[in-house]
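*Asks:*
Number of protein chains: 2
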Amino acid sequence: MSAAADRLPAVVLVSGGLDSATVLTMARDRGFDCYALTVDYGQRHRLELAAAQQVALAVGVAGQRTVTLDLGQFGGSALTDPQLPVPDRPTDGIPTTYVPARNTVLLAIALSWAEVLGAMDLFIGANAVDYSGYPDCRPEYIEAFERLANVATRAGVEHGGIRIHAPLIRMTKAQIIQRGMQLGVDYALTLSCYQPGSYGAPCGVCDACRLRAKGFAEAGLRDPIVTNAAG
Amino acid sequence: MSAAADRLPAVVLVSGGLDSATVLTMARDRGFDCYALTVDYGQRHRLELAAAQQVALAVGVAGQRTVTLDLGQFGGSALTDPQLPVPDRPTDGIPTTYVPARNTVLLAIALSWAEVLGAMDLFIGANAVDYSGYPDCRPEYIEAFERLANVATRAGVEHGGIRIHAPLIRMTKAQIIQRGMQLGVDYALTLSCYQPGSYGAPCGVCDACRLRAKGFAEAGLRDPIVTNAAG
């Protein structure tokens, strides 16, 4: 048996963005054999999918899957519906970029793969500080999914102890970036923008771009990717 | 506004099998405008998908979607992996036909559509009496998903009261069939078998066929579909 046999497997949701690249690196740093899962749910920012694969490759994973699920056919989100514009300034309440039940769908698919792999640990880059106000990014959501996972699956029922790790959930964007830099995350590979240009250039005005720029500014660091708009 | 405006929308998971055909009819009978959701998760019994559409058409629905998600690429289940044989007799514990986290994936996708539709009611044909011992068919599982749904979504957070209905959960297969017959369900359109023949003829020996045959026998009714093996 190789040395890898001593390491526990974990499924890590990797979107191609800054947060999940940091989470993947944190999970690897904790000694997990990481299985990177990317879900193509019809997001408009297709370049995210390529970024996700590059991130997984750079961090070094035991396995990688991209699963296609067309949530776009339901409509209802600016991230999957070309008819709905992406807001270019902060909005009150939950913004139109919210994808209905997205994290529930992502974690459900991750749970399915985890059960096949015998993995009891799932990682997600949800964040409830510098975030867009999505309900499925809050700590009570993560706790509710963990409870569900332990009654939903053979592994949960027979062994218990499935854990949903959301290590960024109470961190600011600046803290996330600082931690990632310490761990050697290459943020040049990541893509946060909801509506990047044809060569992957971020728009600089969407929620995701604004949160990213604010994070790098507060961390006192320079973002390695270039934006179209002034920061 | 049409009369339909007074009816509440509900998302109903429809697999093409006996249970979900009954649930769809029960939901319609309770006055819901039903949106039938079928998920093509790579199940070997592809004819189920056609049966699901026929059932939805026959019952009469306000909308129908078939969403593709390739859980088969994870392997681990006899229902999605051609390398694993479907058991032809009862087994101890959770059988190999268990699809990891299947109902969590199905309900997550249903929740996404429900949120777009403004539906607070989801229906699933889970059953914990005459069933195959899957963990995600038990009442505590349904309750855990309902709690999750109410913290996961904009609708749950802003309005509360998302309900996961599993009206069959404590019924025997015979009771389900009797109730369905009262409501006029056409069981000839349904397909339960895990490995039907080329014309959709059930094998008669898999778990699903055995439970169906037992149900009709105990109900004192004749199954309108013909099986290959003696019942």
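In order, the protein sequences belong to chains R and Y. Residues 1 to 231 (this note's numbering) make up the first sequence, in order. Residues 1001 to 1231 (this note's numbering) make up the second sequence, in order. Think of the CB as a built atom: it goes at the ideal place given N, C-alpha and C, for glycine as much as any other residue.
(1) Listing by chain order, which chain R residues have their CB less than 8 angstroms from the CB of Y/Val-1061?
(2) Would you call the CB atoms of R/Thr-104 and R/Asp-136 closer than 8 angstroms?
(3) To which residues of the same chain is Y/Met-1026 closer than 6 angstroms at the C-beta, ignoring the five residues directly before and after it?
(4) Buried or exposed: R/Gln-43, going by 16 or more other Cβ atoms within 10 Å of its Cβ?
(5) Which residues, taken in chain order from the region 150-167 of chain R, show a beta carbon closer than 9 angstroms to some beta carbon of chain Y?
(6) Check whether chain R comes within 8 angstroms of Y/Phe-1123, counting only Cβ atoms and requiring the distance to be less than that.
(7) Kindly identify the DSSP beta-bridge partner or partners of R/Leu-69.
(8) Can you tell me whether Y/Ala-1230 is helix, strand or coil according to DSSP?
(9) So, is the C-beta of Y/Tyr-1109 closer than 8 angstroms to a C-beta in chain R?
(10) Pick helix, strand or coil for Y/Gly-1204, following the three-state DSSP scheme.
(11) Rounding to the nearest angstrom, what Cα-Cα distance links Y/Leu-1189 and Y/Glu-1115 in this structure?
(12) Can you find the residues in the same chain that come closer than 7 angstroms, C-beta to C-beta, to R/Gln-54, ignoring five residues on each side of it along the sequence?
(13) Using a C-beta to C-beta distance shorter than 7 angstroms, which residues of chain R count as neighbours of Y/Phe-1145?
(14) Output, in chain order, the set of chain R residues within a Cβ distance shorter than 8 angstroms of Y/Asp-1070.
(15) Take R/Thr-153 and list the residues in its own chain whose beta-carbon comes closer than 6 angstroms to its own, dropping the five residues that flank it on each side.
(16) Out of R/Ala-155, R/Gly-180, R/Ala-36, R/Ala-144, point me to the one whose CA is closest to Y/Tyr-1134's CA.
(17) If you follow the alpha helix (DSSP H) that Y/Leu-1122 is in, where does it begin and where does it stop?
(18) Considering R/Tyr-187, what are the terminal residues of the alpha helix (DSSP H) in which it resides?
(19) Between which residues of its own chain and Y/Val-1185 is the CB-CB distance below 7 angstroms, once the five residues before and five after are set aside?
(20) Among Y/Val-1059, Y/Ala-1058, Y/Val-1099, which residue has its Cα nearest to the Cα of Y/Gly-1075?
(21) Kindly give me the distance between the Cβ atoms of R/Arg-65 and R/Phe-32, rounded to whole angstroms, as I take these residues to be in contact under 8 angstroms.
(22) Thinking C-beta only, is Y/Ile-1162 closer than 8 angstroms to Y/Met-1232?
(23) Within 10 Å of its beta-carbon, does R/Leu-57 have 16 or more other beta-carbons around it, so buried, or fewer, so exposed?
(24) What separation, rounded to the nearest whole angstrom, lies between the Cα atoms of R/Asp-70 and R/Glu-140?
(25) Given a threshold of 16 other Cβ atoms within 10 Å of its Cβ, counted over all protein chains shown, does Y/Ile-1158 qualify as buried or as exposed?
(26) Taking the straight line between their C-alpha atoms, what separation do you get for R/Leu-117 and R/Pro-9?
(27) Specify the secondary structure class of R/Arg-222 as computed by DSSP and reduced to three states.
(28) Our contact map puts Y/Leu-1148 next to R/Leu-183 with C-beta atoms below 8 angstroms; I'd like the distance itself, whole angstroms only.
(29) Evaluate R/Asp-233 with the Cβ neighbour count: other Cβ atoms within 10 Å of its Cβ, from every protein chain shown; 16 or more gives buried, anything less gives exposed.
(30) Between R/Gly-125, R/Leu-191, R/Gly-72, which has its C-alpha nearest R/Cys-206's C-alpha?
*Replies:* Let's see:
(1) Taking the first residue of the second sequence as 1, we reach residue 1061 of chain Y at position 61. Contact note: Y/Val-1061 does not reach chain R at a C-beta cutoff of 8 angstroms; the least C-beta distance is about 15 angstroms.
(2) Position 104 of the first sequence, counting from 1, holds the residue named residue 104 of chain R. Position 136 of the first sequence, counting from 1, holds the residue named residue 136 of chain R. Cβ distance < 8 angstroms, so R/Thr-104 and R/Asp-136 count as in contact.
(3) In the second sequence, counting from the first residue as 1, residue 1026 of chain Y sits at position 26. So the qualifying residues of the chain are Pro-1167.
(4) As a position in the first sequence, residue 43 of chain R is number 43, starting the count at 1. Residue environment for R/Gln-43: buried (at least 16 other C-beta atoms within 10 angstroms of its C-beta).
(5) Asn-150, Val-151, Ala-152, Thr-153, Arg-154, Ala-155, Gly-156, Val-157, Glu-158
(6) Residue mapping note: residue 1123 of chain Y aligns to position 123 of the second sequence, counting from 1. No, no contact with chain R.
(7) Here the question's residue 69 of chain R lines up with position 69 in the first sequence. According to DSSP, R/Leu-69 bridges with Y/Leu-1069.
(8) Along the second sequence, read from residue 1 onward, the residue named residue 1230 of chain Y stands at position 230. The predicted model places Y/Ala-1230 with a pLDDT of 43, which falls under 50 and marks its position as unreliable; any figure quoted below should be read in that light. Three-state DSSP puts Y/Ala-1230 in coil, outside helix and strand.
(9) Position 109 of the second sequence, counted from the first residue, corresponds to residue 1109 of chain Y. The sequence given here has Ile at residue 1109 of chain Y, not Tyr. Answer yes: the Cβ-Cβ gap between Y/Ile-1109 and chain R drops below 8 angstroms somewhere.
(10) On the second sequence, residue 1204 of chain Y is found 204 positions in, with the first residue counted as 1. Coil, per DSSP.
(11) Here residue 1189 of chain Y corresponds to residue number 189 of the second sequence, with the count starting at 1. Here residue 1115 of chain Y corresponds to residue number 115 of the second sequence, with the count starting at 1. Near 30 angstroms, if we compare the C-alpha coordinates of Y/Glu-1115 and Y/Leu-1189.
(12) Reading the first sequence from its first residue, position 54 is the one you call residue 54 of chain R. Result list for R/Gln-54: Leu-189, in chain order.
(13) If you number the second sequence from 1, residue 1145 of chain Y lands on position 145. Within 7 angstroms Cβ-Cβ: Leu-148.
(14) Within the second sequence, the letter at position 70 stands for residue 1070 of chain Y. At a C-beta separation below 8 angstroms, Y/Asp-1070 has these neighbours in chain R: Val-67, Thr-68.
(15) Position 153 of the first sequence holds residue 153 of chain R. Excluding residues within five positions, the ones whose Cβ falls inside 6 angstroms are Glu-115.
(16) Against the second sequence, residue 1134 of chain Y aligns to sequence position 134. The shortest C-alpha separation from Y/Tyr-1134 is found at R/Ala-155.
(17) Here the question's residue 1122 of chain Y lines up with position 122 in the second sequence. First-last for Y/Leu-1122: 1121-1123, but that is the beta strand (DSSP E), not the alpha helix (DSSP H).
(18) Here residue 187 of chain R is taken as the residue at index 187 of the first sequence, counted from 1. Here R/Tyr-187 belongs to no alpha helix (DSSP H), and DSSP marks it neither H nor E.
(19) Numbered from 1 along the second sequence, position 185 holds the residue referred to as residue 1185 of chain Y. Cβ within range, chain order: Ala-1021, Thr-1022, Thr-1025.
(20) One-based indexing of the second sequence puts residue 1075 of chain Y at position 75. Among Y/Val-1059, Y/Ala-1058, Y/Val-1099, the Cα nearest to that of Y/Gly-1075 belongs to Y/Val-1099.
(21) Position 65 of the first sequence, counted from the start, is the residue given in the question as residue 65 of chain R. Position 32 of the first sequence, counted from the start, is the residue given in the question as residue 32 of chain R. At roughly 16 angstroms, the Cβ-Cβ gap does not stay under 8 angstroms, so R/Arg-65 and R/Phe-32 are not in contact.
(22) Residue 1232 of chain Y lies beyond the stretch modelled for chain Y, which goes from 1001 to 1231, so this question has no answer here.
(23) In the first sequence, residue 57 of chain R corresponds to position 57, counting from 1. Exposed: under 16 other Cβ atoms inside 10 Å.
(24) What you label residue 70 of chain R is simply residue 70 of the first sequence in a count that begins at 1. What you label residue 140 of chain R is simply residue 140 of the first sequence in a count that begins at 1. Those two C-alpha atoms are separated by around 27 angstroms.
(25) Taking the second sequence and counting its residues from 1, one reaches residue 1158 of chain Y at position 158. Per the sequence shown, residue 1158 of chain Y should be read as Glu rather than Ile. That one is exposed.
(26) Taking the first residue of the first sequence as 1, we reach residue 117 of chain R at position 117. Taking the first residue of the first sequence as 1, we reach residue 9 of chain R at position 9. Roughly 7 angstroms separates the two Cα atoms.
(27) Here residue 222 of chain R corresponds to residue number 222 of the first sequence, with the count starting at 1. Three-state result, R/Arg-222: coil.
(28) Working through the second sequence from its first residue, we reach residue 1148 of chain Y at position 148. Working through the first sequence from its first residue, we reach residue 183 of chain R at position 183. Contact doesn't hold; Cβ gap of about 31 angstroms is too wide.
(29) This structure gives no information on residue 233 of chain R, because the portion of chain R shown stretches from 1 to 231.
(30) Here residue 206 of chain R is taken as the residue at index 206 of the first sequence, counted from 1. The candidate whose alpha carbon is nearest that of R/Cys-206 is R/Leu-191.
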